Amino acid sequence: MALFVVTLRLPDAFDAEFVSTIPRHRAFISSLIDESVILAYAISADRSRGWVTMQGPNTDAVRAVVEQFPLYRFFGGVEIDELFVFDSTASRLPKISLN
1 MALFVVTLRL PDAFDAEFVS TIPRHRAFIS SLIDESVILA YAISADRSRG
51 WVTMQGPNTD AVRAVVEQFP LYRFFGGVEI DELFVFDSTA SRLPKISLN
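Everything in the sequence shown is counted per the numbering used here, starting at 1 for the first residue and increasing by one.
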């Protein structure tokens, strides 16, 4: 499977409908993390953008999953880029302790 980073543009202001959808969105994201579809999920400190690292067979399949996000209709834009390299501490073996 290929790896992709999805860049999400969040709305400038969060109305009551947006805020009330967040718990359902977070539950959906958590289930995708549990299924190893999503490897990383981050929102910028100013809450204007988000980044999701996902596994999938191709861009269209990743887009189909993103379109199921409960907050999808609020996004101002979605960009999907296939990754060549993705390295993180989470993808490495734990350090061995000789204690």
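No residue lacks a Cβ here, since even glycine has one placed at the ideal position from N, Cα and C. The model shown is predicted, which means the values in this text are computed figures rather than measured ones.
For residue i, three-class secondary structure by DSSP
{"i": "arginine 49", "result": "strand"}
{"i": "valine 62", "result": "helix"}
{"i": "aspartate 81", "result": "strand"}
{"i": "phenylalanine 28", "result": "helix"}
{"i": "phenylalanine 18", "result": "helix"}
{"i": "arginine 92", "result": "coil"}
{"i": "aspartate 12", "result": "coil"}
{"i": "aspartate 34", "result": "helix"}
Boundaries of the beta strand (DSSP E) in which residue i is found, first to last residue
{"i": "phenylalanine 144", "result": "Residue 144 cannot be examined here, being either before or after the span of the chain that is shown, 1 to 99."}
Whether residue i touches residue j by CB criterion (9 Å)
{"i": "proline 57", "j": "alanine 2", "result": "yes"}
{"i": "leucine 98", "j": "arginine 49", "result": "no"}
{"i": "leucine 83", "j": "valine 52", "result": "no"}
{"i": "arginine 63", "j": "isoleucine 80", "result": "yes"}
{"i": "arginine 47", "j": "phenylalanine 86", "result": "no"}
{"i": "threonine 21", "j": "leucine 93", "result": "no"}
Any non-hydrogen atom of the ligand NAD closer than 8 Å to residue i Cβ
{"i": "glycine 76", "result": "Inclusion of the ligand NAD in the displayed structure is not the case, the ligand content being empty and no account of it being possible."}
8 Å contact criterion, which residue i and residue j should meet: CB distance rounded
{"i": "phenylalanine 4", "j": "phenylalanine 74", "result": "Actually they are not in contact, since the Cβ atoms of phenylalanine 4 and phenylalanine 74 sit about 21 Å apart, beyond 8 Å."}
Span of the alpha helix (DSSP H), counted from its first residue to its last, around residue i
{"i": "leucine 39", "result": "Element bounds for leucine 39: not the alpha helix (DSSP H) but the beta strand (DSSP E), 38 to 43."}
DSSP bridge partner residues for residue i (one or two, in chain order)
{"i": "glycine 56", "result": "Ala2"}
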